[in-house]
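When you number the sequence shown by the UniProt record's numbering, it's gap-free, plus one each residue, and the end is 696.
Take a look at the structure set out below.
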Amino acid sequence: MSFRGITATEWVAMENMRERNERLRMRSLRWLFKTLFPAWHASMHTPPWYIQPFTYRPFEDPTTMIRLIRLHPLKHDQWYDPHDPEQTVVIDTKMVYLTDCPDIEPFVAISYCWGDQKETAKIICDGYVMTITKSLHEALLHFRGPTERIFWADAICINQTDNEEKTHQVRLMRQIYEKAQSVAVWLGEQASYSDHVLNLSEAFGSALLQTPIAETRDFSSPEVQKALFQALPPLYEVGWSSVGQFLQRPWFGRMWVIQEIAVAPAAMLHCGSLSTSWSTFSDLLQFMLYVGLLERHPDNHAEKAAALMKTRENFQNRTPVDFLVLMLRHRPCQATIGKDKIFALSGLSDFPLRPDYTRTDEDVFTEAAIEMMKADGNLDILSVPHSRHAHLETRNNSLPSWVPDWTDTPFVASTIPRAHLTHSPSPNFHASTPLQIPSSPFSFQIPPSPTPFTPQISPSKTTLTLHGHPVDTITHAATPVESPAWSTSISAIIHSDTTFYHALTTWESIARARSPTLYITGEDMLDVYWQTLLAGQNPRELDAHRAVFQRWERSWSFWWYLFKSPLPAGLVVWWCWCFGMISVGAMFVKHAVFGWRDQSAVGGKARAEIQVVKNSILNRRLVRTRGGYVGLAASGAEVGDQVVLARGCRVPLVLRRRGEKDGDGEGWRFVGDAYVHGMMYGECFEEGRCVSIALT
């Protein structure tokens, strides 16, 4: 068959070429128009003003039904062009029964960070205009393909203005992410450093498959480490140094993503056009943490990522985790609404307090504290760390002092060892039990409450009555060691270390660590000092425990002698900076020459041990009492505060009488928990001295 002397095949080819040329011409005109008239161009690419705003249709049964998104494909089946992002996103919603998922209604759940809610974009939903956050809009643009796709995203699928619906739907979120085919994590637009990290992740996944530990993920073997380093880019490549910056993306620090990843059957991390699986990326992080290439700094989200990996491991292995452990483990993570700090994790345990958005933050925090005391049968809730300013202007003053303000997110290690991320054995403190020093203070089990305890809460839920007795009074309090801001600047890191070690010189002086006099327990003062710095949390036997401190002490002896010298402070800081720069330069030369390092060269073991010390003392302060006891207290502790032992509490408490320094009224104000050497195993507890102590 022919048409005007041209075959049908040729005619179709010509038509296709004409259409392509027309599209190219229009795209060029749009680019020119956008360049010359940017404001007008932006207004032309928003949905017309006459389209009505979207309104939600209520569920027939919000306790069993969910909404799903049908994301329309691109026009002309063209892939998304990052240079032309103004194409309008079009979606439809449909209501389905959750029991039909995923067999009848398969979908992908989106995990993302809401970001600044003032930055919005408009989409077409069911033929109406819907306003969503810029972050979700970017995710939909990137996830859109040549065919329609089915998603679930909380900001669209839940009516955020209807607290009743929101309450029911949030209670279903664990099931939603469990039933999803997979979870698509949107980390934001790509950058040069993110490309390097994702490429490194994929390379690591391939290299790991070639090792004998592909199933066990045991990185302790030097041979395995050597094989991995040889198969991967050299350590001076930018991918390794960019992981810390990559973890700074807001998603890694959000509270809701914990449940979304923990219960997901599988998850993919998307950053711009590149992606990697969560399992591969978490393997890379685990390896870097183990060998010391990635420091668990409180501000670089590495600690949060490690906690997320631990919680996912617990959930996937069906290992029950106490709710207080989850809260302590993930406390540094952020949530837009205060009560979401509780609700985001309640679905991962059998905690009885369920999401209810009709309640205030204060009501939820107080009720959560009471429920945790009832469930645990002890006062472990009082070991939730408080920041230095938790009792001042940043503290929610409508909360009783004994109720943790979960919106306060300090990096402070808890004295309750079960909150630790590792499988390491930890000491069983029982300060409120008559003296029972175990043959080995370290074991894997946490015993039940050392003394019977039933929480006595006032009808107004503002007063908690304890039964205990004061033991001693704080007479000396060192300056707290505050966590420095994370930075990739070598100069900033050296300055941070200088400040850190300078503070420790005053700690050593207050503790009288070099005194020849023996401690109350008959121990050498230096031994008492390093055990206090570790808050008794190091799981090794005492000889190995001492070796950890000696290695750590040697690592900062240069700084110690400088700070003890009569040299001017400015000169000392300058010398420290020079010494640090020389050390860093030598490290890079070593990397370039040898290309890979074994475990001891990387310093994984030594770094981990030193990091235990740092994590134990950050945002705490060393104290000494009138009776000569040395301890590690909350950063809010002050001279004159009382050290108290209470029934049902594993560790000493620091209390302050109301009306003294920072408050009026009767009763006591709770300041924080403490590790006090010589009090942790009931040495000072006397049942006959117990009286009622009202905390308000």
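All C-beta atoms in this analysis are idealised placements derived from N, C-alpha and C, irrespective of residue type, glycine included.
Note that this is a predicted model, so its numbers are computed, not measured.
In terms of residue numbering, what span does the beta strand (DSSP E) encompassing Met-130 cover? Here residue 130 corresponds to residue number 130 of the sequence shown, with the count starting at 1. Taken as a continuous stretch (DSSP letters only), the beta strand (DSSP E) holding Met-130 covers 128–133.
Applying the criterion that 16 or more other CB atoms from any shown protein chain within 10 Å of the CB defines a buried residue, is Gly-244 buried or exposed? Taking the first residue of the sequence shown as 1, we reach residue 244 at position 244. Label assigned to Gly-244: buried.
DSSP three-state label for Ala-207, please. Locating residue 207 in the sequence shown gives position 207, where the first residue counts as 1. Residue state, collapsed to three classes: helix.
Supposed contact pair Gln-642 and Leu-632 - C-beta distance, whole angstroms, cut 8 Å: Looking up residue 632 in the sequence shown gives position 632. Looking up residue 642 in the sequence shown gives position 642. With 8 Å as the limit, Leu-632 and Gln-642 do not qualify as a contact, their Cβ atoms being about 17 Å apart.
In this structure, does DSSP put Ile-158 in helix, strand or coil? For this step, residue 158 is matched to residue 158 along the sequence shown. Looking at Ile-158 - three-state DSSP - the assignment turns out to be coil, as it is neither helix nor strand.
Cβ-based burial, Asn-317 [other Cβ within 10 Å; buried from 16]: Here residue 317 refers to the residue found at position 317 when the sequence shown is read from its first residue. That one is exposed.
For Tyr-681, which three-state DSSP category applies? Here residue 681 corresponds to residue number 681 of the sequence shown, with the count starting at 1. Coil, per DSSP.
Quickly, what does DSSP pair Pro-404 with across the bridge? List them, please. Mapped onto the sequence shown, residue 404 falls at position 404. DSSP output for Pro-404 lists no bridge partner at all.
Give me whichever residues DSSP pairs with Thr-415 in a beta bridge. Numbered from its first residue, the sequence shown carries residue 415 at position 415. Its beta-bridge partners do not exist; DSSP assigns none.
Going residue by residue through the segment 255–297, where are the continuous alpha helix (DSSP H) segments of at least 4 residues, counting only ones entirely within it? 256–262 and 278–291
Taking the beta strand (DSSP E) that Val-651 falls in, what are its first and last residues? Looking up residue 651 in the sequence shown gives position 651. That residue, Val-651, is in no beta strand (DSSP E); it is neither H nor E in DSSP.
Do the segment 111–118 and the segment 134–146 touch if we need at least three Cβ pairs shorter than 8 Å? yes
To the nearest angstrom, how far is the alpha carbon of Trp-152 from that of Pro-320? What you label residue 152 is simply residue 152 of the sequence shown in a count that begins at 1. What you label residue 320 is simply residue 320 of the sequence shown in a count that begins at 1. In a straight line, the C-alpha of Trp-152 is about 28 Å away from that of Pro-320.
Length of the line joining the Cα atoms of Ser-439 and Tyr-681: Here residue 439 is taken as the residue at index 439 of the sequence shown, counted from 1. Here residue 681 is taken as the residue at index 681 of the sequence shown, counted from 1. The pLDDT assigned to Ser-439 is 44, lower than 50, so where the model puts this residue is not dependable, and the model offers no usable value.
Nearest-angstrom Cα distance between Thr-99 and Pro-62? The residue labelled residue 99 in the question sits at position 99 within the sequence shown. The residue labelled residue 62 in the question sits at position 62 within the sequence shown. For Thr-99 and Pro-62, the distance between alpha carbons rounds to 13 Å.
What does the alpha-carbon distance come out to for the pair Trp-530 and Met-309? Along the sequence shown, read from residue 1 onward, the residue named residue 530 stands at position 530. Along the sequence shown, read from residue 1 onward, the residue named residue 309 stands at position 309. If I take the Cα positions, the gap works out to 30 Å.
DSSP state of Leu-695 mapped onto helix, strand, coil: By 1-based counting over the sequence shown, the position of residue 695 is 695. Correct three-state label for Leu-695: strand.
Short Cβ contact (7 Å threshold) for Arg-331 with Ala-307: Looking up residue 331 in the sequence shown gives position 331. Looking up residue 307 in the sequence shown gives position 307. No, they are not a contact pair.
For Ser-206 and Leu-534, the rounded distance between their alpha carbons: The residue given as residue 534 occupies position 534 in the sequence shown. The residue given as residue 206 occupies position 206 in the sequence shown. If I take the Cα positions, the gap works out to 38 Å.
Since Lys-94 is in the beta strand (DSSP E), which residue starts that stretch and which ends it? Locating residue 94 in the sequence shown gives position 94, counting from the first residue. Note, Lys-94: beta strand (DSSP E), 90–97.
Does the structure place the segment 358–366 close enough to the segment 271–283 that three or more beta carbon pairs sit under 8 Å? no
Please state whether the Cβ-Cβ distance between Val-623 and Ala-637 is less than 7 Å. Within the sequence shown, the letter at position 623 stands for residue 623. Within the sequence shown, the letter at position 637 stands for residue 637. It is a contact, given that the beta carbons lie within the stated cut-off.
Which stretch, first to last residue, makes up the beta strand (DSSP E) that contains Thr-625? Here the question's residue 625 lines up with position 625 in the sequence shown. Start and end: 620–625.
Anticipated Cβ contact below 8 Å, Asn-378 with Gly-145, distance rounded: Within the sequence shown, numbered from 1, the residue matching residue 378 stands at position 378. Within the sequence shown, numbered from 1, the residue matching residue 145 stands at position 145. So it is not a contact: roughly 53 Å between Cβ atoms.
Give me the DSSP bridge partner(s) of Asp-472. Against the sequence shown, residue 472 aligns to sequence position 472. DSSP output for Asp-472 lists Val-643 as bridge partner(s).
Using 8 Å as the threshold, is the segment 191–204 in touch with the segment 227–243, meaning 3 or more CB pairs across them? yes
Which class does Gly-536 belong to by DSSP, given the choice of helix, strand or coil? Residue mapping note: residue 536 aligns to position 536 of the sequence shown, counting from 1. In this structure, Gly-536 counts as coil in the three-state DSSP scheme.
Excluding the five sequence neighbours on either side, which residues of its own chain have a C-beta within less than 6 Å of the C-beta of residue 750, listed in chain order? Here the chain comprises residues numbered 1 to 696, so residue 750 is not present and cannot be evaluated.
Would you tell me roughly how many angstroms separate the C-alpha atoms of Lys-614 and Glu-164, rounded to the nearest one? Along the sequence shown, read from residue 1 onward, the residue named residue 614 stands at position 614. Along the sequence shown, read from residue 1 onward, the residue named residue 164 stands at position 164. Looking at the two C-alpha atoms, the distance is approximately 45 Å.
Looking at C-alpha atoms only, which residue of Phe-670, Leu-71, Leu-618 and Cys-333 is the closest neighbour of Trp-256? Here residue 256 corresponds to residue number 256 of the sequence shown, with the count starting at 1. Nearest option by C-alpha distance: Cys-333.
Below 6 Å CB to CB, which residues in the same chain sit around Pro-355 once its five sequence neighbours on both sides are set aside? Numbered from its first residue, the sequence shown carries residue 355 at position 355. If we look at Pro-355 and ignore the five residues flanking it on each side, its Cβ neighbours are Thr-167, Val-170, Arg-171 and Phe-343.
Using only the alpha-carbon positions, how far apart do Glu-686 and Pro-470 sit? As a first step, residue 686 must be located in the sequence shown, where it is residue number 686. As a first step, residue 470 must be located in the sequence shown, where it is residue number 470. So the alpha carbons of these two residues sit roughly 10 Å apart.
Look up Met-65 in the DSSP assignment and give the residues it is bridged to. On the sequence shown, residue 65 is found 65 positions in, with the first residue counted as 1. Tyr-97, per the DSSP bridge assignment.
Taking the alpha helix (DSSP H) that Tyr-177 belongs to, which residues open and close that run? Start at 1 with the first residue of the sequence shown, and residue 177 comes out as number 177. 173–179 is the extent of the alpha helix (DSSP H) around Tyr-177.
For Arg-458, list the residues DSSP reports as bridge partners. Taking the sequence shown and counting its residues from 1, the one referred to as residue 458 is at position 458. Looking at the sequence itself, residue 458 is Ser, so the reference to Arg does not match. None, per the DSSP bridge assignment.
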